[in-house]
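Here is the structure we will look at, set down as structure tokens.
There are 2 protein chains.
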Amino acid sequence: MLKVTLIGTGNISKFLFKVLSDHPEVAIVQVLGRSDKALEHFRDRTAVSIDLREIKKADVYILAISDEAIGEVAHSLEIGSGLLVHTAGSIPMEVLPARVRRGVLYPLQTLSGILPEKMMDIPICIEASEEEDYLILEKLAHFISPRVEHINSDQRKHLHLAAVFANNFSNHLFFLSSEICEDHGVDFDLIRPLIRESYTKVLSQSPYDAQTGPARRGDNKTMDAHLEMLRSPRLKEIYELLSKSIQNTYGKEL
Amino acid sequence: MLKVTLIGTGNISKFLFKVLSDHPEVAIVQVLGRSDKALEHFRDRTAVSIDLREIKKADVYILAISDEAIGEVAHSLEIGSGLLVHTAGSIPMEVLPARVRRGVLYPLQTLSGILPEKMMDIPICIEASEEEDYLILEKLAHFISPRVEHINSDQRKHLHLAAVFANNFSNHLFFLSSEICEDHGVDFDLIRPLIRESYTKVLSQSPYDAQTGPARRGDNKTMDAHLEMLRSPRLKEIYELLSKSIQNTYGKEL
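So the sequences go chain by chain: A and B.
Going by my numbering, the first sequence opens with residue 3, and the numbers climb by one from there.
Going by my numbering, the second sequence opens with residue 3, and the numbers climb by one from there.
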């Protein structure tokens, strides 16, 4: 039985609690949080506390708190011989104190309101300093997802950066697209099948091969017409920069 | 029985041929193309010709050719009393000669190698000048997809522009994301579940509400760290511009 303590009460903590508390080989011995209100969610099913000094003994302590708080909270914990991990994409493992066994368990997902049922193939990226700690994290990560990857701190921060491009920035483009639709009395729902196509294509081929559109074709006439239609300087700038970037990407072929 | 002639032999023509030639209420009477080789695909199943003067009588003539060629080819056709439509997103209906009944049948999809089986809910955007022509196009469009929308030329060109943002530009961000992964020895496949999440979220909520990430949170520390990590000036510029655009979008809330 693996004893786990969760520190933090946000989305990642709730997600891990939900997935791990049902697992027969895990016992969540405690959840620590900043307020009684935030701990409400967990109170009925495990021990809770707002006092970090009341931390109970566990095999793994999972810090699921905001990036900025990780260093300070980690250094204030008295956890003896347990393994301390954080769950942040862009924070190196070395932010955790060198005096403890340390590691990272990073679920590569935004975890914003998506239910665990749907997340069965999210990659769990793990890192540790010692072989035995890798084994513990591998076991724990496999309780969450079948997909477990060894990713070091440098790779992890680049993975997080890559995720910003693929997820956050593409969502913003969906938003800009919806604004253009709205401004011209067109239902954005018409665009949704196209977004599905983007996604479906990128499952089976590389984004390099999947690229279509005026910039890819070098269709300057359409690009000029589009720039003419865009009244907002911000949209114009984004259109120009991304089109230029696409043309640079395929430049050698033209 | 609706008699249809296809002019053009590319993806859209092949798609329309596949969907319509199986339909009991449609007869594809002819496919016209620029070369015998391009017509090979259709030869066994309908009349074909490379000579526009040999055009047969039909109820609807569908121009499925490149944007630039539409005006010239349309003006050279002798089609009598038939209805002439093009299939282009960014070309106004008025490019077709005023002397004929004219319209537009625009399948809002990139049609690049996706099989018709998967395209059952793609929106077909139709436009015509006369009520009776709308009725014909509605009927024909419903043979292709259950989703038929009346979209005028101004709306259609903005829809096409919106599609560039949602589809072409987001695919390029997937590519940039894959480049970052590759440069740091990380498998881009790890990112794919995140892309699925983007898509799943945008099905059920507005992209405005779905936005996450450092720019949305106003997390300057992470954004500075990301800019530091990006060595390519082009990626830096894209990161800065899209982050600024996200911050502007949510600025009033901060």
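Beta carbons: idealized from backbone N, C-alpha and C, even for Gly.
Problem set entry | Limits of the unbroken beta strand (DSSP E) element including L4(B) | Taking the first residue of the second sequence as 1, we reach residue 4(B) at position 2. For L4(B), the enclosing beta strand (DSSP E) starts and ends at 4-9.
Exercise. Who does P109(A) pair with in a DSSP beta bridge?
Worked result: Numbered from its first residue, the first sequence carries residue 109(A) at position 107. Answer by DSSP bridge pairing, in chain order: I126(A).
Problem set entry | chain A contact for T224(B) (CB, 8 Å cutoff) | For the purposes of this step, residue 224(B) is identified with residue 222 of the second sequence, where counting begins at 1. So yes, T224(B) belongs to the interface.
Problem set entry | Test: V97(B) CB closer than 8 Å to a CB of chain A | Numbered from 1 along the second sequence, position 95 holds the residue referred to as residue 97(B). Chain A, which has no Cβ nearer than 8 Å to the Cβ of V97(B), makes this no.
Exercise. Between the Cα of H186(B) and the Cα atoms of Q157(A), K16(A), A100(A), which residue gives the shortest distance?
Worked result: Start at 1 with the first residue of the second sequence, and residue 186(B) comes out as number 184. Cα-wise, what sits closest to H186(B) is Q157(A).
Exercise. Among L85(A), S147(A), E151(A), which one has its Cα closest to the Cα of I124(A)?
Worked result: Residue 124(A) sits at position 122 when you count from the first residue of the first sequence. Measuring from the Cα of I124(A), the nearest candidate turns out to be S147(A).
Exercise. Any Cβ of chain E within less than 8 Å of the Cβ of H186(A)?
Worked result: Within the model displayed, chain E is absent; protein chains A and B are what it includes.
Exercise. Chain A partners of K159(B), CB-CB under 8 Å?
Worked result: Translated into the one-based positions of the second sequence, residue 159(B) becomes position 157. Those are A227, M231, listed as they occur along chain A.
Exercise. Could you give the distance in angstroms between the alpha-carbon of G220(B) and the alpha-carbon of L237(A)?
Worked result: By one-based count along the second sequence, residue 220(B) stands at place 218. By one-based count along the first sequence, residue 237(A) stands at place 235. For G220(B) and L237(A), the distance between alpha carbons rounds to 21 Å.
For this session: Alpha carbon to alpha carbon, how far is L142(A) from A66(B)? Give it in angstroms, no decimals.
Result: Sequence index remark: in the second sequence, residue 66(B) carries index 64 (1-based). Sequence index remark: in the first sequence, residue 142(A) carries index 140 (1-based). Straight-line Cα distance between these residues: approximately 56 Å.
Exercise. Going straight from the alpha carbon of P99(B) to that of I72(B), what length do you get?
Worked result: As a working note, residue 99(B) is residue 97 in the second sequence. As a working note, residue 72(B) is residue 70 in the second sequence. Here the alpha carbons of I72(B) and P99(B) stand approximately 10 Å from one another.
Exercise. When DSSP labels each residue in this structure, what does H186(B) get in the three-state scheme?
Worked result: Residue numbering aside, residue 186(B) sits at position 184 when the second sequence is read from its first letter. Here H186(B) sits in coil by DSSP.
For this session: Look up Q249(A) in the DSSP assignment and say whether it is helix, strand or coil.
Result: By one-based count along the first sequence, residue 249(A) stands at place 247. DSSP places Q249(A) within a helical segment (H, G or I) once states are collapsed to three.
Exercise. Quick one: Cα of A76(A) to Cα of R104(A), how far?
Worked result: For this step, residue 76(A) is matched to residue 74 along the first sequence. For this step, residue 104(A) is matched to residue 102 along the first sequence. Approximately 10 Å, taken between the alpha carbons.
For this session: Inspect the beta-carbon positions of V28(B) and T7(B) and report whether they are closer than 8 Å.
Result: Within the second sequence, residue 28(B) is the residue found at index 26, counting from 1. Within the second sequence, residue 7(B) is the residue found at index 5, counting from 1. No.
Exercise. On the three-state DSSP scale, how would you describe H77(B)?
Worked result: For the purposes of this step, residue 77(B) is taken as residue 75 along the second sequence, with counting starting at 1. Three-state DSSP puts H77(B) in a helix.
For this session: Using a cut-off of 8 Å between C-beta atoms, extract the partners of Q111(A) located in chain B.
Result: Position 109 of the first sequence, counted from the first residue, corresponds to residue 111(A). Under the 8 Å cutoff, chain B gives P195, L196, E199.
Problem set entry | Beta carbon proximity, H265(B) to chain A, threshold 8 Å | An answer regarding residue 265(B) cannot be provided, because it is not within the stretch 3 to 256 covered by chain B.
Exercise. Between which two residues does the beta strand (DSSP E) harbouring S51(B) extend?
Worked result: Along the second sequence, one-based indexing puts residue 51(B) at 49. Note, S51(B): beta strand (DSSP E), 49-51.
Problem set entry | F19(B) versus E134(B): straight-line alpha-carbon distance, rounded | Residue 19(B) sits at position 17 when you count from the first residue of the second sequence. Residue 134(B) sits at position 132 when you count from the first residue of the second sequence. Distance from the CA atom of F19(B) to the CA atom of E134(B), rounded to whole angstroms, is 24 Å.
For this session: Note down, in chain order, every chain B residue with its Cβ under 9 Å from the Cβ of H152(A).
Result: For this step, residue 152(A) is matched to residue 150 along the first sequence. Within 9 Å Cβ-Cβ: nothing; H152(A) doesn't reach chain B, min ~11 Å.
For this session: Less than 8 Å between the CB atoms is what I'm expecting for L34(B) and I57(B), so what's the real figure, rounded?
Result: The residue labelled residue 34(B) in the question sits at position 32 within the second sequence. The residue labelled residue 57(B) in the question sits at position 55 within the second sequence. Yes, L34(B) and I57(B) are in contact; Cβ-Cβ is about 6 Å, under 8 Å.
For this session: Identify whether E45(A) lies in helix, strand or coil by the three-state DSSP scheme.
Result: Start at 1 with the first residue of the first sequence, and residue 45(A) comes out as number 43. Sequence check: residue 45(A) is Arg here, not Glu. DSSP places R45(A) within a helical segment (H, G or I) once states are collapsed to three.
For this session: Hey, could you find the ends of the alpha helix (DSSP H) L229(B) is sitting in?
Result: For the purposes of this step, residue 229(B) is taken as the residue at position 227 of the second sequence. Note, L229(B): alpha helix (DSSP H), 222-231.
For this session: Return the chain-ordered list of same chain residues with a C-beta closer than 6 Å to the C-beta of K159(A), the five sequence neighbours on each side being excluded.
Result: Residue 159(A) sits at position 157 when you count from the first residue of the first sequence. Take K159(A), set aside five residues on each side of it, and the residues of its chain with a beta-carbon closer than 6 Å to its own are S92, in chain order.
Exercise. So, do the region 239-251 of chain A and the region 205-220 of chain B have three or more beta carbon pairs nearer to each other than 8 Å?
Worked result: Verdict: no, contact absent.
Exercise. Considering only the beta carbon of each residue, do S179(A) and F167(B) sit closer than 8 Å?
Worked result: Reading the first sequence from its first residue, position 177 is the one you call residue 179(A). Reading the second sequence from its first residue, position 165 is the one you call residue 167(B). For the pair S179(A) and F167(B), the CB atoms are nearer than the 8 Å cut-off.
For this session: Output yes or no for whether 8 Å exceeds the beta carbon distance between L4(B) and V62(B).
Result: Taking the first residue of the second sequence as position 1, residue 4(B) is located at position 2. Taking the first residue of the second sequence as position 1, residue 62(B) is located at position 60. In this structure, the beta-carbon distance from L4(B) to V62(B) falls below 8 Å.
Problem set entry | Residue from K39(B), E181(B), N173(B), D189(B) whose Cα sits closest to the Cα of R198(A) | The residue given as residue 198(A) occupies position 196 in the first sequence. It is N173(B) whose Cα lies nearest to the Cα of R198(A).
Exercise. Along chain B, in chain order, which residues have C-beta atoms closer than 9 Å to that of L107(A)?
Worked result: Start at 1 with the first residue of the first sequence, and residue 107(A) comes out as number 105. Ordered by position in chain B, no residue passes the 9 Å Cβ test against L107(A), which lies about 15 Å from the chain.
For this session: Can you pull the chain B residues whose beta carbon is under 8 Å from the beta carbon of P216(A), in chain order?
Result: As a first step, residue 216(A) is located in the first sequence; it is residue number 214 there, counting from the start. By Cβ distance, chain B contributes V166, N170.
Exercise. So, is E96(A) buried or exposed, given that buried needs 16 or more other C-beta atoms within 10 angstroms?
Worked result: For this step, residue 96(A) is matched to residue 94 along the first sequence. Per the 10 Å Cβ criterion, exposed.
For this session: With distances taken Cα to Cα, identify the nearest neighbour of H152(B) among P109(B), D38(B), K59(B), I52(B).
Result: Taking the first residue of the second sequence as 1, we reach residue 152(B) at position 150. P109(B) is the residue among P109(B), D38(B), K59(B), I52(B) whose C-alpha sits nearest the C-alpha of H152(B).
Exercise. DSSP three-state call for I64(A): helix, strand or coil?
Worked result: As a first step, residue 64(A) must be located in the first sequence, where it is residue number 62. Strand at I64(A).
For this session: Could you tell me which chain B residues have their CB closer than 8 Å to the CB of Q213(A), listed as they occur along the chain?
Result: In the first sequence, counting from the first residue as 1, residue 213(A) sits at position 211. Here the neighbours are N170, N173, H174, F177.
For this session: Express the C-alpha separation of E129(B) and L137(B) in angstroms, rounding to a whole number.
Result: One-based indexing of the second sequence puts residue 137(B) at position 135. One-based indexing of the second sequence puts residue 129(B) at position 127. L137(B) and E129(B) have their C-alpha atoms some 10 Å from each other.
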